[in-house]
Every structure is written in C-alpha cells, then in structure tokens.
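Encoded as structure tokens, the structure appears first; notes follow it.
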Amino acid sequence: MALPLLAYKPSSQNQRVKSFGSADLNEDTPYIYRLEDAASPSEIKQLVWAAYRQVFSEHEILKFNRNITLETRFANRSLTVRDFIRELAKTEAFYRLVVSVNNNYRLVQICLKRLLGRDSYNKDEEITWSIVIATKGFNGFVDALVDSDEYTAAFGDFTIPYQRKRMEGRPFNLVTPRYGEDFQETAGTVKTDWRFTLEKFYSRKFQDRQLPEGDPRKFRGLAAAVSGQRNYAQRLSAFDIDYLNKVPKRR
Numbered sequence: 002m003a004l005p006l007l008a009y010k011p012s013s014q015n016q017r018v019k020s021f022g023s024a025d026l027n028e029d030t031p032y033i034y035r036l037e038d039a040a041s042p043s044e045i046k047q048l049v050w051a052a053y054r055q056v057f058s059e060h061e062i063l064k065f066n067r068n069i070t071l072e073t074r075f076a077n078r079s080l081t082v083r084d085f086i087r088e089l090a091k092t093e094a095f096y097r098l099v100v101s102v103n104n105n106y107r108l109v110q111i112c113l114k115r116l117l118g119r120d121s122y123n124k125d126e127e128i129t130w131s132i133v134i135a136t137k138g139f140n141g142f143v144d145a146l147v148d149s150d151e152y153t154a155a156f157g158d159f160t161i162p163y164q165r166k167r168m169e170g171r172p173f174n175l176v177t178p179r180y181g182e183d184f185q186e187t188a189g190t191v192k193t194d195w196r197f198t199l200e201k202f203y204s205r206k207f208q209d210r211q212l213p214e215g216d217p218r219k220f221r222g223l224a225a226a227v228s229g230q231r232n233y234a235q236r237l238s239a240f241d242i243d244y245l246n247k248v249p250k251r252r
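The numbering used here puts the sequence shown at residues 2 to 252.
If you want it as structure tokens, here you go:
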C-alpha cells in the first residue's frame with residue numbers, strides 16, 4: 002500500500018509574493034505559451050521548444066536529447082501540453098541528465114522548478130516528495146506533480162509551465178543540474194581518485210583562497226608578475242679573462 006502524502010506548510014516568504022502580473026510587465030516577466038493561441042505549424046514549433054527549455058534547460062537542448070515521436074504526437078494534437086510535459090520528464094535523456102546525477106532532495110528541487118514553476122518551500126516539502134520517489138519511483142513522482150491540484154490551477158492542460166514566482170538569481174530553466182559533494186562521496190569519485198583531492202586541497206590556488214582577506218600572501222602571484230628583473234653586477238674571475246686578446250698585436 003502506497004504511503005499517503007505527508008502534510009507540510011510553506012515556511013518561506015516566497016509563496017506570499019504575487020505571481021508575475023500584467024501590471025508590472027518588464028524584461029523579467031515570462032512569456033506564457035498556450036496551445037489555444039497556436040494556430041500555425043510555426044507556433045506549434047515554438048511551443049515545442051518552450052517545453053524543451055522548461056524541462057531540459059535552455060542550454061541542454063541538443064539534437065540527441067530530442068524526442069521526435071513525442072513532438073509529432075504533440076503537433077498532431079494527440080497529446081495535450083500537460084501530457085507532453087509529463088512524457089518529456091520521463092524520457093531517457095532527462096533521466097540521464099538530471100535523475101541519475103542527483104540525490105532525491107535535489108531532484109525534488111529541480112522538478113518543482115521545472116514542472117511546477119517554483120522552488121521548494123522548505124525541507125519538509127523536499128522530504129515529503131522524496132518519500133514519493135522512494136515509494137512510487139521517479140515516474141510516479143512526475144505523475145504526482147503533473148496531476149496535482151497546484152499544476153492544474155496554475156497551468157491546466159494547455160499551458161507550458163513557467164517560473165511563477167519572483168526569485169533572485171537566474172531563471173530556473175538556466176540552472177544546470179550537476180551533482181554536489183554528497184553525490185561525489187556516494188559515487189566514490191573523491192574516494193577512488195586522489196587527483197581530485199590533491200588538486201582541491203593541496204594546490205596553491207586553493208591554499209590562497211583559504212587565507213583571510215588582506216593577507217599579503219594572497220598577492221604573491223601579483224607581486225611576482227609586476228616585479229621587474231634585477232640586473233646584478235657581472236661576476237668575473239682571473240680565469241675568465243683572455244689576456245692574449247688584450248695584448249695589442251704588432252704590424
């Protein structure tokens with residue numbers, strides 16, 4: 002029997018901030034892509050690329066990550082936007098780029114940003130959804146997000162998900178998911194290859210970063226770069242002088 006979803010309360014102030022509205026349009030206001038607004042093949046193509054940007058991140062849209070079958074079904078209107086987003090998140094490319102290189106907590110953060118358009122409220126929410134991943138698997142987790150009341154109220158069946166809350170930093174779809182130190186320790190990357198440890202902890206650059214601000218040792222490289230070469234007096238001995246060449250020759 003599947004465990005029920007744990008109850009959690011938003012503790013962050015982000016949920017109090019209103020969504021992007023028409024009253025404060027600026028360069029940060031997202032463009033909303035809706036299927037009912039697409040009437041031509043070029044507009045359908047724009048929706049497809051908007052879905053890829055939202056799910057895969059804008060700088061990871063490569064040819065081998067595309068799924069032509071899903072694109073064709075969506076262009077033929079046999080898939081709604083909701084199902085298109087769902088199937089993109091379940092592709093092998095998304096699993097390879099995102100799921101396999103993150104733990105469950107970070108995976109929850111990324112999927113909430115990509116599928117619900119917001120960051121996680123707190124650690125309680127991350128624990129709640131990580132239990133869903135552990136019990137239902139990743140595909141069940143995707144279904145739970147896409148079929149949730151929040152997704153339905155925010156996007157419905159015909160709107161591409163977008164970043165709904167004002168947040169500091171880059172847009173969600175520009176954050177590349179990469180594994181952190183905890184995943185490296187679990188996978189054995191740091192433990193099995195000492196080159197990473199030596200490069201990180203024993204290099205001059207790392208040691209300079211550990212020095213406090215204002216320490217003169219932080220500027221050793223700069224001082225060595227701007228210091229000129231010194232000209233020392235030439236050291237000669239009697240054995241280095243060719244006396245025969247010093248004697249004038251007779252004509």
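Where is the CB? At the ideal position from N, CA and C, for every residue including glycine.
Own chain, CB closer than 7 Å to residue i, minus 5 neighbours either side, in chain order
{"i": "residue 52", "result": "85, 86, 89, 161"}
{"i": "residue 109", "result": "121, 127, 130, 131"}
{"i": "residue 39", "result": "45, 48"}
{"i": "residue 259", "result": "In this structure the chain extends from 2 to 252, so residue 259 is not present and cannot be described."}
{"i": "residue 147", "result": "83, 86, 87, 116"}
{"i": "residue 246", "result": "none"}
Nonlocal neighbours in the same chain, by C-beta distance under 6 Å from residue i, ignoring five residues either side
{"i": "residue 133", "result": "142, 145"}
{"i": "residue 209", "result": "219"}
{"i": "residue 217", "result": "none"}
C-alpha distance - residue i paired with residue j, whole-angstrom precision
{"i": "residue 35", "j": "residue 157", "result": "10 Å"}
{"i": "residue 75", "j": "residue 140", "result": "20 Å"}
{"i": "residue 155", "j": "residue 83", "result": "11 Å"}
{"i": "residue 44", "j": "residue 57", "result": "20 Å"}
{"i": "residue 138", "j": "residue 214", "result": "47 Å"}
{"i": "residue 64", "j": "residue 79", "result": "23 Å"}
{"i": "residue 95", "j": "residue 125", "result": "25 Å"}
{"i": "residue 32", "j": "residue 136", "result": "36 Å"}
{"i": "residue 224", "j": "residue 115", "result": "47 Å"}
{"i": "residue 48", "j": "residue 211", "result": "48 Å"}
{"i": "residue 227", "j": "residue 123", "result": "50 Å"}
{"i": "residue 81", "j": "residue 222", "result": "59 Å"}
{"i": "residue 77", "j": "residue 42", "result": "10 Å"}
{"i": "residue 107", "j": "residue 165", "result": "20 Å"}
{"i": "residue 205", "j": "residue 153", "result": "53 Å"}
Cβ neighbours of residue i in the same chain (closer than 8 Å, five flanking residues each side left out)
{"i": "residue 151", "result": "117"}
{"i": "residue 149", "result": "117"}
Which residues DSSP lists as bridging residue i, in chain order
{"i": "residue 35", "result": "160"}
Best match in the options for proximity to residue i [C-alpha to C-alpha]
{"i": "residue 92", "options": "246, 149, 66", "result": "66"}
{"i": "residue 37", "options": "54, 159, 55", "result": "159"}
{"i": "residue 119", "options": "222, 81, 163, 153", "result": "163"}
Heavy atom of the ligand SAH within 6 Å of residue i beta-carbon
{"i": "residue 217", "result": "In terms of ligand content, the structure shown is empty, and the ligand SAH therefore cannot be addressed."}
| Between the region 62-70 and the region 102-117, are three or more C-beta pairs nearer than 8 Å? | Fewer than three pairs of CB atoms, one per stretch, sit closer than 8 Å, so the region 62-70 makes no contact with the region 102-117.
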